[in-house]
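Peer 1: Can you read through this structure? Questions will come right after.
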Ligand SMILES: NC(=O)c1ccc[n+]([C@@H]2O[C@H](COP(=O)([O-])OP(=O)(O)OC[C@H]3O[C@@H](n4cnc5c(N)ncnc54)[C@H](OP(=O)(O)O)[C@@H]3O)[C@@H](O)[C@H]2O)c1
């Protein structure tokens, strides 16, 4: 199951995995995802009941959580809703994944660091500079509390078009394959 399947990263993951004949469920909110062979569902992750119903009925082996409020300026103006989407809803999704025994990948951001230097490790203290980055860090913490075996991926900026299948088979796909191979078994 891929959340944020109408977004840049999520759409590319769905394209790639459907091409590999994997059984993919694509979740989006406002937009409709239409990819041959892919089961597409619409769900507002702020609707906890609907989210839980969908996860339980789909019973995914993996949840790759790409959905997020990603517009940095919007997040500055809508702090509460930003935190509800990026943090609270992520925690709920992880809890629901745990209840069905699914493995969970939370797509975070390198923005949890200030950007003053690179080469960070997992043990470095996060230094988020804006609301978006703080909410994504809070999402990491919520997910980690709900499902400690989750993979949290602090990826860096991507650009491209959702409809052009531009980044499949590039770095993002490469590291997610790595995650798949390296992930600890879920509880
Ligand atoms: N793009 C980057 O440069 C970058 C860099 C570092 C990390 N990341 C992280 O990578 C992930 C993917 O980013 P992206 O650029 O692919 O995002 P994006 O293109 O902005 O897409 C965001 C996705 O989240 C969904 N979404 C937003 N609010 C939702 C809600 N309330 N309920 C359900 N779905 C909701 C959207 O669905 P609808 O369109 O249907 O509303 C859309 O599919 C995010 O977690 C982001 O924080 C991105």
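Residue numbers (our numbering): 52 to 238.
All residues carry an ideal CB built from backbone N, CA and C; glycine is no exception.
1. To the nearest angstrom, how far is the alpha carbon of residue 196 from that of residue 81?
2. Please list the segments of the beta strand (DSSP E) lying wholly inside the region 75 to 140, counting only runs of 3 or more residues, in order along the chain.
3. Within its chain, find whatever has a CB closer than 6 Å to the CB of residue 143; leave out the 5 residues flanking it on each side and keep chain order.
4. At a cut-off of 7 Å, is residue 71 close to ligand 1 when judged by its beta-carbon and the heavy atoms of the ligand?
5. For residue 137, does the count of other Cβ atoms within 10 angstroms reach 16, so buried, or fall short, so exposed?
6. With a CB to CB cut of under 6 Å and the five nearest residues on each side skipped, what residues in its chain are close to residue 84?
7. With a threshold of 7 Å, establish whether the CB of residue 147 neighbours any heavy atom of ligand 1.
8. Would you list the residues sitting across from residue 160 in a DSSP beta bridge?
9. Flag this pair as yes or no: are the beta carbons of residue 105 and residue 94 separated by less than 8 Å?
10. Would you mind working out which of 131, 75 and 202 sits nearest residue 160, comparing C-alpha positions?
11. Tell whether a beta-carbon distance below 8 Å holds between residue 141 and residue 184.
12. Counting Cβ pairs closer than 8 Å, one from the region 146 to 154 and one from the region 105 to 117, do we hit at least three?
13. With 16 other CB atoms within 10 Å as the buried threshold, where does residue 169 fall?
14. By how many angstroms is the C-alpha of residue 147 removed from the C-alpha of residue 97?
15. With respect to 7 Å, is the separation between the Cβ of residue 58 and the closest non-hydrogen atom of ligand 1 below this value?
16. Have a look at the DSSP bridge pairing and note the partners of residue 54.
17. Between the C-alpha atoms of residue 69 and residue 52, what's the straight-line distance to the nearest angstrom?
18. Determine which residues share a DSSP beta bridge with residue 154 and list them.
Peer 2: In this structure, then:
1. Those two C-alpha atoms are separated by around 29 Å.
2. Qualifying beta strand (DSSP E) stretches, in chain order: 76 to 79, 90 to 93 and 113 to 116.
3. Cβ within range, chain order: 99.
4. For ligand 1, not one heavy atom lies less than 7 Å from the Cβ of residue 71.
5. By the neighbour-count criterion, in which 16 or more other beta carbons inside 10 Å mark a residue as buried, residue 137 falls on the buried side.
6. Closer than 6 Å at the Cβ level, and outside the excluded window around residue 84, lie 56, 57, 77 and 91.
7. No; taking the cut-off as 7 Å, the Cβ of residue 147 has no heavy atom of ligand 1 nearer than that.
8. Its beta-bridge partners are 206.
9. For residue 105 and residue 94, yes; Cβs fall inside 8 Å.
10. Of 131, 75 and 202, the smallest CA-CA separation from residue 160 is found for 202.
11. Taking 8 Å as the Cβ cut-off, residue 141 and residue 184 do not qualify as a contacting pair.
12. At 8 Å Cβ cutoff, the stretches touch.
13. Within 10 angstroms of the beta-carbon of residue 169 lie fewer than 16 other beta-carbons, which makes it exposed.
14. Near 13 Å, if we compare the C-alpha coordinates of residue 147 and residue 97.
15. Yes; taking the cut-off as 7 Å, the Cβ of residue 58 has a heavy atom of ligand 1 nearer than that.
16. Bridge partners of residue 54: 78 and 116.
17. Looking at the two C-alpha atoms, the distance is approximately 11 Å.
18. In the DSSP output, where bridge partners are listed per residue, residue 154 has 113.
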